[in-house]
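Line by line, the protein sequences give chains A and B. Residue numbers are given in my numbering: position 99 of the first sequence equals residue 104, and the series is strictly consecutive. Residue numbers are given in my numbering: position 26 of the second sequence equals residue 28, and the series is strictly consecutive. Even for Gly, the Cβ is constructed at its ideal location relative to N, Cα and C. Reviewing the structure listed below.
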Amino acid sequence: DAKTTQPTSMDCAEGRAANLPCNHSTISGNEYVYWYRQIHSQGPQYIIHGLKNNETNEMASLIITEDRKSSTLILPHATLRDTAVYYCIVSLPPGTASKLTFGTGTRLQVTL
Amino acid sequence: DGGITQSPKYLFRKEGQNVTLSCEQNLNHDAMYWYRQDPGQGLRLIYYSQIVNDFQKGDIAEGYSVSREKKESFPLTVTSAQKNPTAFYLCASRGQIYGYTFGSGTRLTVV
């Protein structure tokens, strides 16, 4: 699995959009970008994933650059409950059994 | 509801004792994983299993053992050979659509 690079921490005001970047310059053609988040002392929660097209669901949007070497997770209207560690992971397609490598992620602090 | 159940939530172990952490899933997923998380750190892979009766070592397998006798179950044993077992342990399974589903974790403390 390709490695990813994320900022250690970010702050965001409540109600504003939170934009979390991720670099994955060694991504392979068949690898997806996944985002998970972990609220303190809980298991990570799936947010969104994509291959090359931008994706949106009820939680967030995922923007992947055309060369697929980086992506951005967007939480459109951050709330205090979005305070968590966000992990960007590159891995084989859903349903493919392989290792999932977690880095240290980005600690997002949403403030009033 | 389908999901992953880890038990117990908190576990205390005396030094020199083996202890087994339970992980059960009813998602019909083939692949299951065990991760360890230390304070302020990311997740590190201990063992994973892609199919019943088969498993592979992850990045930090020393001092741990697993079994996969049933599709639904993937217990992790922390042996006395693990020198620093105090940590938060997470079990996960991998599905066809969303990728990984995680349990709520077991916090192990050596006393």
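When only Cα atoms are considered, I68(A) and Q39(B) end up about 29 Å apart. With respect to the 8 Å criterion, V80(B) and L110(B) are classified as neighbours on the basis of their beta carbons. Neighbours of L105(A) in chain B, taken as residues whose beta carbon is under 8 Å from its own, are Y35, L47, A94, R96, G101, Y102 in chain order.
One thing to note: W40(A) has its Cβ within 8 Å of the Cβ of L78(A). The three-state secondary structure of D87(A), taken from DSSP, is helix. Short of 8 Å from the beta carbon of K74(A), and not among the five residues preceding or following it, lie these beta carbons of its own chain, in chain order: N28, H29, S30, I32.
At the C-beta level, Q8(B) and S24(B) come within 8 Å of one another.
Beyond the five residues adjoining it in sequence on each side, G60(B) comes within less than 7 Å, by CB distance, of L47, I48, Y49, Y50 in the same chain, given in chain order.
Using a CB distance cut-off of 8 Å, Q27(B) does not count as an interface residue toward chain A. K11(B) places its beta carbon less than 8 Å from that of T108(B).
Using a C-beta cut-off of 8 Å, the segment 94-107 of chain B makes contact with the segment 23-37 of chain B, since at least three inter-stretch Cβ pairs fall below that distance. Secondary structure at T7(B): strand, using DSSP grouped into helix, strand and coil. Per DSSP, the unbroken beta strand (DSSP E) holding P26(A) starts and ends at 23-28. Shown here for H54(A): same chain residues with a beta carbon closer than 6 Å to its own, the five before and five after excluded, namely Y37, Y39 in chain order. Judged by DSSP in its simplified three-state form, K59(B) adopts strand.
The three-state reading of DSSP puts S106(B) in coil, since its state is none of H, G, I, E or B.
The three-state secondary structure of Q84(B), taken from DSSP, is coil. Just measuring C-alpha positions, the residue of Q43(A), L80(A), D16(A), K8(A) sitting nearest E60(A) is L80(A). For I48(B), the uninterrupted beta strand (DSSP E) segment begins and ends at 45-53. Around the C-beta of T88(A), 16 or more other C-beta atoms lie within 10 Å, and the residue is accordingly described as buried. Apart from sequence neighbours up to five positions away, the residues of its chain that approach M64(A) with a beta-carbon distance below 6 Å are I52, ordered along the chain. Flagged as an interface residue toward chain B: Y39(A), by a C-beta distance shorter than 8 Å. Non-local beta-carbon contacts of Y35(B) in its own chain, meaning distances under 6 Å to residues more than five positions away in sequence, involve Y50, A94 in chain order.
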